[in-house]
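S.K.: Take a look at this one; I'll ask things after.
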């Protein structure tokens, strides 16, 4: 994978790769293999998702990247696709965006998403005109809430029925990380 357009090193085994269209089939396979693990918290995960849907998703994210409205990175562990981390709902006027992520069951609970999120934050605050990153985690998603806290996002409050997952409204905890706070922590 040394020919990738953009590759962000997390450590000797983990890196974030800018997506390319050939990754759609592998992304589909990984999601299908982790359906039970991912589906409870991710509305876009269900049995009807196809390879074509994943290709369309990558195409959309690459278009949003070109427009400065989003960006996704594929998480690899020793060249094995294990998840994604992204920014979306970018508001260039207010210089803010939302962040999201998921990881396969085999690699969850190993602090990988937290480290990937920190690398993503560094990239966003260094290279993009973003001042605030927001993160919304379902109240019941203990793992995602822990990731936000370990990545130094500040808890802002709870939003009632903020997320819609598989036809059901869910309460969400809102977290934020400001560029100034990020730079204070990294010095």
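Numbering (the numbering used here), first residue to last: 3 to 189. The C-beta atom is built at its ideal place from N, Cα and C for all residues, glycine as well.
Does residue 134 come out as helix, strand or coil in the three-state DSSP assignment?
M.R.: In the chain shown, residue 134 corresponds to position 132, counting from 1. Of the three classes helix, strand and coil, the one that applies to residue 134 here is strand, per DSSP.
S.K.: Measure the C-alpha to C-alpha separation of residue 169 and residue 27 and round it to an integer number of angstroms.
M.R.: On the chain shown, residue 169 is found 167 positions in, with the first residue counted as 1. On the chain shown, residue 27 is found 25 positions in, with the first residue counted as 1. Approximately 27 Å between the Cα atoms of the pair.
S.K.: Using a Cβ-Cβ cut-off of 6 Å (strictly less than) and excluding sequence neighbours within five positions of residue 11, which residues of its own chain qualify?
M.R.: Residue 11 sits at position 9 when you count from the first residue of the chain shown. Same-chain partners within the cutoff: 17.
S.K.: What does the Cβ neighbour count give for residue 113, buried or exposed, with the cut at 16 atoms within 10 Å?
M.R.: For the purposes of this step, residue 113 is taken as residue 111 along the chain shown, with counting starting at 1. Exposed.
S.K.: Taking the runs of the beta strand (DSSP E) that are 3 residues or longer, which of them lie wholly in the region 16–59?
M.R.: Segments of the beta strand (DSSP E) lying fully in the region 16–59: 16–19.
S.K.: Quick one: what does DSSP say residue 176 is sitting in, helix, strand or coil?
M.R.: Taking the first residue of the chain shown as position 1, residue 176 is located at position 174. Note: residue 176 maps to strand in three-state DSSP.
S.K.: Over what stretch of residues does the beta strand (DSSP E) that includes residue 90 continue unbroken?
M.R.: Within the chain shown, residue 90 is the residue found at index 88, counting from 1. First-last of the beta strand (DSSP E) with residue 90: 82–93.
S.K.: For a test of the three-state rule: what should DSSP assign to residue 101, helix, strand or coil?
M.R.: In the chain shown, counting from the first residue as 1, residue 101 sits at position 99. Strand.
S.K.: Which residues mark the beginning and the end of the beta strand (DSSP E) in which residue 9 is found?
M.R.: Taking the chain shown and counting its residues from 1, the one referred to as residue 9 is at position 7. It spans 9–11 - the beta strand (DSSP E) in which residue 9 sits, taken as one unbroken run.
S.K.: Determine the closest residue to residue 80 out of 33, 13, 161, with distance taken between C-alpha atoms.
M.R.: Position 78 of the chain shown, counted from the start, is the residue given in the question as residue 80. For the residues 33, 13, 161, the minimum Cα distance to residue 80 belongs to 13.
S.K.: Rounded to whole angstroms, what's the CA-CA distance from residue 117 to residue 177? Just pull it up for me.
M.R.: Position 115 of the chain shown holds residue 117. Position 175 of the chain shown holds residue 177. Taking the straight line joining both Cα atoms gives about 17 Å.
S.K.: For residue 3, count neighbouring Cβ atoms within 10 angstroms of its own Cβ and tell me buried if that reaches 16, exposed if not.
M.R.: The residue you call residue 3 lines up with position 1 of the chain shown. Note that residue 3 has pLDDT 38, beneath the 50 cutoff, so the model's placement of it is unreliable and no number is given.
S.K.: With burial defined as no fewer than 16 other Cβ atoms inside 10 Å of the residue's Cβ, what is the status of residue 75: buried or exposed?
M.R.: What you label residue 75 is simply residue 73 of the chain shown in a count that begins at 1. That one is buried.
S.K.: To which residues of the same chain is residue 110 closer than 8 Å at the C-beta, ignoring the five residues directly before and after it?
M.R.: Working through the chain shown from its first residue, we reach residue 110 at position 108. So the qualifying residues of the chain are 39, 145.
S.K.: How should residue 155 be labelled, buried or exposed, when 16 other C-beta atoms within 10 angstroms of its C-beta is the threshold for buried?
M.R.: On the chain shown, residue 155 is found 153 positions in, with the first residue counted as 1. With 16 or more Cβ atoms within 10 Å of its Cβ, residue 155 is classed as buried.
S.K.: Grouping DSSP H, G and I as helix and E and B as strand, with all else coil, what is residue 154?
M.R.: The sequence position of residue 154 within the chain shown is 152, counting from 1. DSSP places residue 154 in coil when its eight states are reduced to three.
S.K.: CB-CB under 6 Å to residue 157, same chain, minus the five flanking residues each way: which ones, in chain order?
M.R.: Locating residue 157 in the chain shown gives position 155, counting from the first residue. Cβ within range, chain order: 177.
S.K.: Taking all protein chains shown into account, decide if residue 182 is buried (16 or more other Cβ within 10 angstroms of its Cβ) or exposed.
M.R.: Within the chain shown, the letter at position 180 stands for residue 182. Label assigned to residue 182: exposed.
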